[in-house]
Amino acid sequence: MKMLNISQAKAQLSSVIEQVLTKGEAFLIGKAGKPVAKIIRYEPARKNNRLGLFAGKIKIAKNFDEWPNDIGESLGL
Numbered sequence: 002m003k004m005l006n007i008s009q010a011k012a013q014l015s016s017v018i019e020q021v022l023t024k025g026e027a028f029l030i031g032k033a034g035k036p037v038a039k040i041i042r043y044e045p046a047r048k049n050n051r052l053g054l055f056a057g058k059i060k061i062a063k064n065f066d067e068w069p070n071d072i073g074e075s076l077g078l
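Every number in my numbering is 1 more than the matching position in the sequence shown, counting from 1.
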């Protein structure tokens, strides 16, 4: 991973972005020799909103729909 200082990154930004896009390279941008930012290719997050995603991972108690006696009485049930 290449490290550039801020002025180098400003001067070469178009070239840096082109290398990130075409070659998949990553760059660190540093200030006073210490990394402060990273330029990497953007990857959209995968959506995991499909049906059955948690099938077999979640268990619902058999008495899930039952109210505890004290709460049921206070609600008049």
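Glycine included, every Cβ here is placed at the ideal spot set by N, Cα and C. Predicted, not measured: the structure shown is a model, and the values here were computed from it.
Asn70 versus Arg51 - alpha carbon distance: Here residue 70 refers to the residue found at position 69 when the sequence shown is read from its first residue. Here residue 51 refers to the residue found at position 50 when the sequence shown is read from its first residue. Going from the Cα of Asn70 to the Cα of Arg51 covers about 37 Å.
Extent of the continuous alpha helix (DSSP H) run through Gly73: As a first step, residue 73 is located in the sequence shown; it is residue number 72 there, counting from the start. 70-75 is the span of the alpha helix (DSSP H), which, as asked, contains Gly73.
Rounded Cβ spacing between Leu5 and Ile30 (contact assumed at less than 8 Å): Translated into positions along the sequence shown, residue 5 becomes position 4. Translated into positions along the sequence shown, residue 30 becomes position 29. At roughly 6 Å, the Cβ-Cβ gap stays under 8 Å, so Leu5 and Ile30 are in contact.
Per-residue DSSP class, three states only, for Lys60: By one-based count along the sequence shown, residue 60 stands at place 59. DSSP places Lys60 in coil when its eight states are reduced to three.
Among Glu74, Lys3, Gly77, nearest to Lys35 - alpha-carbon criterion: As a working mapping, residue 35 is identified with position 34 in the sequence shown. Nearest C-alpha to Lys35: Lys3.
Distance between Ile7 and Ala33 (C-alpha atoms, nearest Å): To locate residue 33, count along the sequence shown from 1; it is residue 32. To locate residue 7, count along the sequence shown from 1; it is residue 6. Distance between the alpha carbons of Ala33 and Ile7 is about 9 Å.
Phe66 versus Arg47 - alpha carbon distance: On the sequence shown, residue 66 is found 65 positions in, with the first residue counted as 1. On the sequence shown, residue 47 is found 46 positions in, with the first residue counted as 1. Correcting the residue identity first, residue 66 is Asp in this sequence and not Phe. Pairing Asp66 with Arg47, the inter-Cα distance amounts to about 34 Å.
Cβ neighbours of Leu22 in the same chain (closer than 7 Å, five flanking residues each side left out): What you label residue 22 is simply residue 21 of the sequence shown in a count that begins at 1. If we look at Leu22 and ignore the five residues flanking it on each side, its Cβ neighbours are Arg42.
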